[in-house]
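Colleague: Please see the structure below; I have some questions.
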Amino acid sequence: EYRASFRVVKNLYQDDLIGIYLAQIGDTDKVALDGISIGATGNFPPNYEPVLDEFRLYMTSHLEPGTTHELLISVYTEYVGEKGLDTSKVEVGPLSKLQNKKYRDSAFWYLFKLGPAVLCLILSIASMPWFSPKQDAIRGYLLFSTGVFYFLFGAGKSRIIFHHLPTDISYKILTVSALLGLVCLFFYSI
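Basically our numbering = 1-based index in the sequence shown + 16.
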């Protein structure tokens, strides 16, 4: 659990809702402001359902100026590690400003995670067999297949595409993609 209190000095947000931006949290969370639940992402045990890699932004109604408000963030992580809440990223402010921040952070994160996978796909398209001489057609097919399998692996590892699937199916796709990519690369090198 993470607890914080803050005070709104003056009414800065007359025409805007207030947002509480938490960035990414691993794995699930519940957020309460002044003892009232304002949102949750994922499910805590016994019906555990993790929601990874989603940027959290919750909204609340106007906060009274001059009043101290209590923020409680409960986080559940199945495996201990570099998960939980990064308290340096928590921000309270106008909802519209924080929505823009959430969209910007999400875009950079997706670009960072999917960039290598998309590069593999582009390189595999550039090495398609019809772009190479006839005598190198088999090598072209192998290189193209390697790029496609590593695109699937990179996209799956980034959890962008496969996070909607059950975890065991996602890991099977990752494993098969990585192995088939290695096999294609091995035959290409021969």
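For every residue, glycine included, the Cβ atom is placed at its ideal position computed from N, Cα and C.
With DSSP as the reference, label K105 as helix, strand or coil.
Modeller: It is helical.
Colleague: Rounding to the nearest angstrom, what Cα-Cα distance links G163 and L79 in this structure?
Modeller: Each residue's alpha carbon lies about 52 Å from the other.
Colleague: Relative to the alpha-carbon of A194, which residue among M75, I206 and S161 has its alpha-carbon at the smallest distance?
Modeller: Ranking the options by Cα distance to A194, first place goes to S161.
Colleague: Considering only residues of the same chain and omitting the five flanking positions on each side of F22, which have a CB-CB separation below 8 Å?
Modeller: Hits under 8 Å: T84, H85, L87 and V108.
Colleague: Closer than 6 Å by C-beta to E65: which residues in its own chain qualify, once you throw out the five before and the five after it? Chain order, please.
Modeller: Within the same chain, E65 has close Cβ partners G58 and N59.
Colleague: Skipping 5 residues on each side, what residues in its chain have a beta carbon closer than 6 Å to that of K46?
Modeller: Answer for K46: A56 and S90, listed in chain order.
Colleague: Could you pull the DSSP bridge partners for R120 from this structure?
Modeller: The partner list for R120 (beta bridge, DSSP) is empty, contrary to what the question assumes.
Colleague: Going by C-alpha to C-alpha distance, which of D152, A20 and R72 sits closest to G51?
Modeller: Comparing Cα-Cα distances from G51 to each of D152, A20 and R72, the minimum goes to A20.
Colleague: Using the Cα positions of D69 and E94, report the straight-line distance between them to the nearest angstrom.
Modeller: So the alpha carbons of these two residues sit roughly 15 Å apart.
Colleague: Do A39 and F71 count as a contact pair if the criterion is CB distance below 7 Å?
Modeller: Taking 7 Å as the Cβ cut-off, F71 and A39 qualify as a contacting pair.
Colleague: Below 7 Å between beta carbons: does that hold for F169 and L190?
Modeller: Yes, the Cβ-Cβ distance between F169 and L190 is below 7 Å.
Colleague: Whose C-beta lies closer than 8 Å to the C-beta of S53 among residues of the same chain, with five residues either side of it excluded?
Modeller: Contacts found: K46 and V47.
Colleague: Helix, strand or coil for D152? Go by DSSP, reduced to three states.
Modeller: Reduced to three states, the DSSP call for D152 is helix.
Colleague: Which of the three DSSP states is assigned to D43 in this structure?
Modeller: Coil, per DSSP.
Colleague: Work out the CA separation of V24 and Y37 for me, nearest whole Å.
Modeller: If you take the alpha carbons of Y37 and V24, they lie about 16 Å apart.
Colleague: Looking at the unbroken alpha helix (DSSP H) that takes in I206, where does it start and where does it end?
Modeller: Run containing I206: none; DSSP gives neither H nor E here.
Colleague: Could you spell out where the beta strand (DSSP E) holding E86 opens and where it closes?
Modeller: Counting along the chain, the beta strand (DSSP E) containing E86 begins and ends at T84 to Y92.
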